[in-house]
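Below is one structure; the comments refer to it alone.
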Amino acid sequence: MCMVASRPTCDDPQMDADGRRMVLTRRAASRNVQLIQDCYMPASVAECWWRPFRKVGHATVLHVDLTAHAAREAEAWAWLDEEEQARWQRYQHDGPRRRFALCRAALRAVLCSQLGCRNEQLAFGASDHGKPYAVVQGVAAPVSFNVSHSGTHGLIAVAAAGRLGVDVEERSMPRDLDGLISSVLGPDEQAELALARGCRKLHLFFSFWTIKEALIKALGLGLALDMSGFEIPLAMRHGKTTSVFQFPHIPTVRWRLENLGNEHFAAAIACELDPNPN
849 MCMVASRPTC
859 DDPQMDADGR
869 RMVLTRRAAS
879 RNVQLIQDCY
889 MPASVAECWW
899 RPFRKVGHAT
909 VLHVDLTAHA
919 AREAEAWAWL
929 DEEEQARWQR
939 YQHDGPRRRF
949 ALCRAALRAV
959 LCSQLGCRNE
969 QLAFGASDHG
979 KPYAVVQGVA
989 APVSFNVSHS
999 GTHGLIAVAA
1009 AGRLGVDVEE
1019 RSMPRDLDGL
1029 ISSVLGPDEQ
1039 AELALARGCR
1049 KLHLFFSFWT
1059 IKEALIKALG
1069 LGLALDMSGF
1079 EIPLAMRHGK
1089 TTSVFQFPHI
1099 PTVRWRLENL
1109 GNEHFAAAIA
1119 CELDPNPN
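My numbering numbers the first residue of the sequence shown as 849 and each following residue consecutively.
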């Protein structure tokens, strides 16, 4: 059973017939982060590789450690279903395989605990634009989630309701930074980056980019939406970490934005706000 600590660890739980156990509970964690801490994992798991990262409104964000670790990767692979294992096999390199397995297994553990189901009862469907959703015993489940990974860092965002998107990017210098800037940023955003230099320019770009990626992922339209066709709030471009956003073409829907970046990576989350909060 995985308990909250600086590094979550697993006790030796009582096992059911197939050697696994699910405990459905939520525990408070530091920094006002609430997370489903008890995880339904194979009995041999020595430690969890995900931990609470941030609480944003009604959404919980978890960080997934994607560093190479043979034992974790083997346990994660065993938790995938046949379709996911086949997908894992199609990856040609170790890095993508590791990121997929560790993120998907962590997502499965969190969703099983959230929904009170067994791992073999959980499957995934996809919208017309490819955004995944959870299915339990053939029925779409009442939960929202989104996943992102980059390098050795993964983020999982989960909430009981409302669309959400999360994005994480390690700040490595792109091959064509100027080309990316012109393709993903709007005119005012480009003008602000033009005034920055060196590391400051790189950090600003990744902040803008992850916020916009989180919004697009939350909306669920994939590549159908031109990222340069909208701009993030001015306050966030000037350093504020949170704001509210409305797409010009969907003014009735409001989104809560939060910059989740730290010294290790750039990241952001977008959460759909309840139109009738009262």
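Glycine residues also receive a C-beta, built at the ideal position from the N, C-alpha and C atoms.
(request) Taking only the alpha-carbon atoms, compute the straight-line gap between residue 999 and residue 969 and give it to the nearest angstrom. (result) Distance between the alpha carbons of residue 999 and residue 969 is about 30 Å.
(message) Please return the same chain residues whose Cβ sits closer than 6 Å to the Cβ of residue 925, not counting the five positions on each side in sequence.
(response) Within the same chain, residue 925 has close Cβ partners 949.
(request) Closer than 7 Å by C-beta to residue 1091: which residues in its own chain qualify, once you throw out the five before and the five after it? Chain order, please. (result) Sequence-distant Cβ neighbours of residue 1091 in its own chain, meaning closer than 7 Å and more than five residues away, are 1081, 1083, 1084 and 1105.
(message) Looking at the strands, I want to know which residues DSSP matches up with residue 1103.
(response) Answer by DSSP bridge pairing, in chain order: 1093 and 1120.
(request) Give me the Cα-Cα distance between residue 1058 and residue 1048, rounded to the nearest whole angstrom. (result) Going by the C-alpha atoms only, they are around 16 Å apart.
(request) Taking residue 1049 as part of the beta strand (DSSP E), name the residues at either end of that continuous run. (result) For residue 1049, there is no enclosing beta strand (DSSP E); the enclosing alpha helix (DSSP H) covers residues 1046-1067.
(message) Within a Cβ cutoff of 7 Å, which residues of the same chain sit near residue 1076, ignoring the five residues on either side of it in sequence?
(response) Result list for residue 1076: 1031, 1032, 1033 and 1034, in chain order.
(request) Excluding the 5 residues preceding and the 5 following residue 879 in the sequence, name in chain order all residues of the same chain whose CB lies nearer than 6 Å to its CB. (result) Its pLDDT being 29, under 50, residue 879 is placed unreliably in this model, and the value from its coordinates should be taken loosely. The beta carbon of residue 879 lies closer than 6 Å to none in the same chain, with the five residues before and after it left out.
(message) Could you tell me the alpha carbon to alpha carbon distance between residue 923 and residue 1112, rounded to whole angstroms?
(response) Residue 1112 has its alpha-carbon roughly 26 Å from the corresponding atom of residue 923.
(request) Return the first residue and the last residue of the beta strand (DSSP E) that residue 944 is part of. (result) Under the DSSP assignment, residue 944 falls outside any beta strand (DSSP E), being part of the alpha helix (DSSP H) whose first and last residues are 942-963.
(request) Look up residue 1079 in the DSSP assignment and say whether it is helix, strand or coil. (result) In this structure, residue 1079 counts as coil in the three-state DSSP scheme.
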